[in-house]
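Have a look at the structure below, then the notes.
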Amino acid sequence: MKEKKTYVTRTGVSFEPELLSKLDEWIKEKKFPNRSEAIRFIVREHLAKSELNVDPNVQVVGSLTYLYDHHSFNSSEKLTQIQHDNDEIIVSTMHAHITHELCLETIFLKGKARQIKEFSENILSFKAVIGGKLYITPIVF
Numbered sequence: 001m002k003e004k005k006t007y008v009t010r011t012g013v014s015f016e017p018e019l020l021s022k023l024d025e026w027i028k029e030k031k032f033p034n035r036s037e038a039i040r041f042i043v044r045e046h047l048a049k050s051e052l053n054v055d056p057n058v059q060v061v062g063s064l065t066y067l068y069d070h071h072s073f074n075s076s077e078k079l080t081q082i083q084h085d086n087d088e089i090i091v092s093t094m095h096a097h098i099t100h101e102l103c104l105e106t107i108f109l110k111g112k113a114r115q116i117k118e119f120s121e122n123i124l125s126f127k128a129v130i131g132g133k134l135y136i137t138p139i140v141f
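Each residue of the sequence shown is one higher than the one before, starting from 1 at the first, in UniProt numbering.
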């Protein structure tokens, strides 16, 4: 099978010595193979965040992870119903029993940023949910 060649354009970036030193420390900590890979990662992350703020209809993928008390307020049934009501954006769900009372769920999502954010706010504002976090990134930018 033939690999697709990726072409890049070489460019130069100037840094103050202190900033470059901090960048190099971060690169080492994150285990990037070189500065170019690290800078590309930073630029992609920044562009992705900007795109999410500009276009609520941008297509995204992501995950919502939350911890909840499954003994309170019929939470398991209600949270499952919310998921069934939004099955067009749910790719997969993973459920883990943390303690006798607490469950951790991760829902993998795909759809418009607006839909994903609304769904996540609905889940995270549910009374039995103790805490959680949504991570999304545009499919293309």
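In this text, a Cβ means the ideal position worked out from N, Cα and C, and glycines have one as well. Values in this document were obtained by computation on a predicted structure and should not be read as measured data.
Query raised in the report: Between which two residues does the beta strand (DSSP E) carrying residue 80 extend?
Result: No beta strand (DSSP E) contains residue 80, which is instead part of the alpha helix (DSSP H) from 75-85.
Requested in this report: Since I believe residue 124 is in contact with residue 132 (beta carbons under 8 angstroms), could you give me their beta-carbon distance rounded to a whole number of angstroms?
Outcome: 5 angstroms
Query raised in the report: Which same chain residues, not among the five before or five after residue 24, have their C-beta less than 6 angstroms away from its C-beta?
Result: none
Query raised in the report: Is it true that the CB of residue 65 sits closer than 7 angstroms to the CB of residue 106?
Result: yes
Query raised in the report: Is the beta carbon of residue 135 less than 7 angstroms from the beta carbon of residue 63?
Result: yes
Requested in this report: Count the other CB atoms, across all protein chains shown, that sit within 10 Å of the CB of residue 97; report buried if there are 16 or more and exposed otherwise.
Outcome: exposed
Query raised in the report: Candidates 127, 130, 129, 116: which alpha carbon is nearest residue 57's?
Result: 116
Query raised in the report: Would you call residue 68 buried or exposed, if buried means 16 or more other Cβ atoms sit within 10 Å of its Cβ?
Result: buried
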